[in-house]
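So the sequence shown is numbered by the numbering used here: it starts at 1 and just counts up by one.
Here the structure is laid out as structure tokens; the discussion comes afterwards.
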Amino acid sequence: MTISVREHPLIRVLYDESRHDLRDPAHPRPVRLYLWEPEHPLTAPAPLVVVSHGTGGSGGDMEWLVRPLREAGFRVMALDHHGNNFVDGYEPEGFLHVWERPRDVSFALDALAREQPLGPVGAAGFSLGGYTAAALAGARVDPQIAWAVLSGALPLPDIPEFPGVVEALRKKYPEDESSRLVLEGAGADLLDSRMRAVFQVAPGVGGFVTPESLATVQVPVEIRWGGADSVNPYEVDTRPYLEHIPTANGRSAGPHVRHDDFFAPDPADPTVRVRVGREAATFFLQHLG
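Written out as structure tokens, the structure is:
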């Protein structure tokens with residue numbers, strides 16, 4: 001595979017025959033990829049960083065993280081997670097069956113590896129993408145907590161992109177089928193042995209992952225969070241990763257940094273994306289370059 005235009009990504013849609021399209025079960029699950037070649041490759045093959053977007057976002061909208069990685073010499077692959085991206089629209093499973101996201105990444109890496117050798121691989125993610133990156137290093141969702149959320153026993157914080165998402169899932173699936181899906185998928189081992197390093201930005205789902213699984217993570221993990229993040233608060237979502245992953249290090253991106261400073265058109269702190277993007281590039285240079 002050759003990419004002649006460096007500044008703009010090559011966009012491809014792959015289809016995972018092992019999983020179905022959330023809107024049409026007769027068709028396979030789509031996985032859209034955005035692929036950027038590095039400005040100045042570090043080695044051949046160039047190290048690859050996978051970027052996972054946040055809830056309701058898109059891989060094509062992660063330029064603030066992609067650009068410094070490309071400039072540092074990395075090949076970058078971002079994805080659109082089916083049912084949870086604004087390009088194709090939303091489905092309740094895309095927001096609640098979060099364990100399907102790391103499977104998207106491994107599927108895409110398998111496809112790329114069949115075409116050409118992969119260099120060293122790392123994963124970076126924002127918000128729910130932060131969980132995705134950690135899951136590829138061994139983090140697992142607690143099936144009991146997942147079912148408590150889906151059954152209504154444990155309240156889920158409001159999701160602005162999809163109000164009433166739990167009710168929408170219950171309407172779409174009978175209760176017994178939802179239970180089966182959770183038990184089969186939520187606690188699965190999604191470790192991808194190709195991952196050598198993980199960078200999380202304002203990570204989500206920290207309260208849903210098991211401390212035991214986090215303790216098994218062996219690759220370097222670096223974390224950044226906002227001190228004023230009310231969407232993924234430090235105590236609920238970031239602290240479990242930082243405290244239970246033995247290889248984790250991190251620091252606040254600033255006491256007044258909010259969650260939406262990483263994606264809003266007019267962030268309260270316009271420097272935070274630039275700073276964190278550069279720190280991610282430095283981290284991956286240390287562990288992949």
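For every residue, glycine included, the Cβ atom is placed at its ideal position computed from N, Cα and C.
Task: Whole-angstrom C-beta distance between glycine 122 and phenylalanine 262, which should lie under 8 Å - done: The beta-carbon separation of phenylalanine 262 and glycine 122, rounded to 19 Å, does not stay under the 8 Å limit for a contact.
Task: Beta carbon of alanine 78 nearer than 9 Å to that of histidine 97 - done: Not a contact, by the Cβ cut-off of 9 Å.
Open item on the list: What does the Cβ neighbour count give for glutamate 91, buried or exposed, with the cut at 16 atoms within 10 Å?
Closed with: Looking at its Cβ environment, which holds 16 or more other Cβ atoms inside 10 Å, glutamate 91 is buried.
Open item on the list: Going by the DSSP bridge assignment, what does histidine 20 pair with across the sheet?
Closed with: Pro28
Open item on the list: Can you find the residues in the same chain that come closer than 7 Å, C-beta to C-beta, to glutamate 222, ignoring five residues on each side of it along the sequence?
Closed with: Phe199, Asn249, Gly250 and Phe283
- [ ] In angstroms with no decimal places, state the Cα-to-Cα distance between arginine 278 and valine 66.
- [x] 10 Å
Task: Span of the beta strand (DSSP E), counted from its first residue to its last, around serine 230 - done: Segment: none, serine 230 is in no beta strand (DSSP E) and carries neither H nor E.
Open item on the list: So, under 8 Å CB-CB, leucine 33 and leucine 14 are touching, yes? Tell me the CB distance rounded to an integer number of Å.
Closed with: 7 Å
Task: Anticipated Cβ contact below 8 Å, aspartate 192 with serine 106, distance rounded - done: 5 Å
Open item on the list: Using only CA atoms, which one of Gly289, Asp104, Ala44 and Asn85 lies nearest to methionine 62?
Closed with: The shortest C-alpha separation from methionine 62 is found at Asn85.
Task: Check whether threonine 132 and phenylalanine 95 have beta carbons under 9 Å apart - done: no
Open item on the list: Considering only DSSP beta bridges, list what alanine 123 is partnered with.
Closed with: Alanine 123 has Val50 and Val198 as its beta-bridge partners, per DSSP.
Open item on the list: Is the beta carbon of proline 240 closer than 9 Å to that of glycine 295?
Closed with: Since the first residue shown for the chain is 1 and the last is 289, residue 295 is missing from the structure and cannot be characterised.
Task: Assigned secondary structure, isoleucine 223 (DSSP; H/G/I helix, E/B strand, else coil) - done: Correct three-state label for isoleucine 223: strand.
Task: Backbone CA spacing between leucine 154 and histidine 40 [nearest angstrom] - done: Cα atoms of leucine 154 and histidine 40: separation of roughly 49 Å, rounded to the nearest angstrom.
TODO: Taking only the alpha-carbon atoms, compute the straight-line gap between arginine 258 and glycine 125 and give it to the nearest angstrom.
DONE: One alpha carbon belongs to arginine 258, the other to glycine 125, and they sit about 16 Å apart.
- [ ] Compare the beta carbon distance of leucine 288 and proline 47 with 9 Å and say whether it is the shorter of the two.
- [x] yes
Task: Helix, strand or coil at tryptophan 64 [DSSP, three-state] - done: helix
Task: leucine 69 versus Glu100, Ser18, Leu112 and Glu7, residue with shortest Cα-Cα distance - done: Nearest C-alpha to leucine 69 among Glu100, Ser18, Leu112 and Glu7: Glu7.
- [ ] Whole angstroms is fine: what's the gap from valine 166's alpha carbon to proline 160's?
- [x] So the two alpha carbons sit approximately 13 Å from each other.
Task: Start and end residues, beta strand (DSSP E) containing glycine 250 - done: 248-252
- [ ] Count the other CB atoms, across all protein chains shown, that sit within 10 Å of the CB of aspartate 24; report buried if there are 16 or more and exposed otherwise.
- [x] exposed
- [ ] Please report how far the alpha carbon of arginine 19 lies from the alpha carbon of arginine 114, in whole angstroms.
- [x] Roughly 20 Å between the two C-alpha positions.
- [ ] Whole angstroms is fine: what's the gap from aspartate 266's alpha carbon to aspartate 260's?
- [x] So the alpha carbons of these two residues sit roughly 9 Å apart.
TODO: Would you tell me roughly how many angstroms separate the C-alpha atoms of methionine 195 and glycine 204, rounded to the nearest one?
DONE: 19 Å
- [ ] Scan the region 57-118 and note each continuous alpha helix (DSSP H) run of 4 residues or more that stays entirely inside, going in chain order.
- [x] 63-71, 92-96 and 100-115
Open item on the list: Taking its Cβ as the centre, do 16 or more other Cβ atoms sit within 10 Å of isoleucine 245, making it buried, or is it exposed?
Closed with: Around the beta carbon of isoleucine 245, a 10 Å sphere encloses 16 or more other beta carbons of the protein chains shown; the residue is thus reported as buried.
- [ ] Quick one: grab the DSSP three-state call for valine 217.
- [x] Note: valine 217 maps to coil in three-state DSSP.
- [ ] May I ask which residues mark the beginning and end of the alpha helix (DSSP H) holding phenylalanine 284?
- [x] From DSSP, the alpha helix (DSSP H) with phenylalanine 284 extends over 272-287.
- [ ] Confirm, please, whether the CB-CB distance from valine 51 to valine 31 is below 9 Å.
- [x] Not in contact: valine 31 and valine 51 (Cβ atoms no closer than 9 Å).
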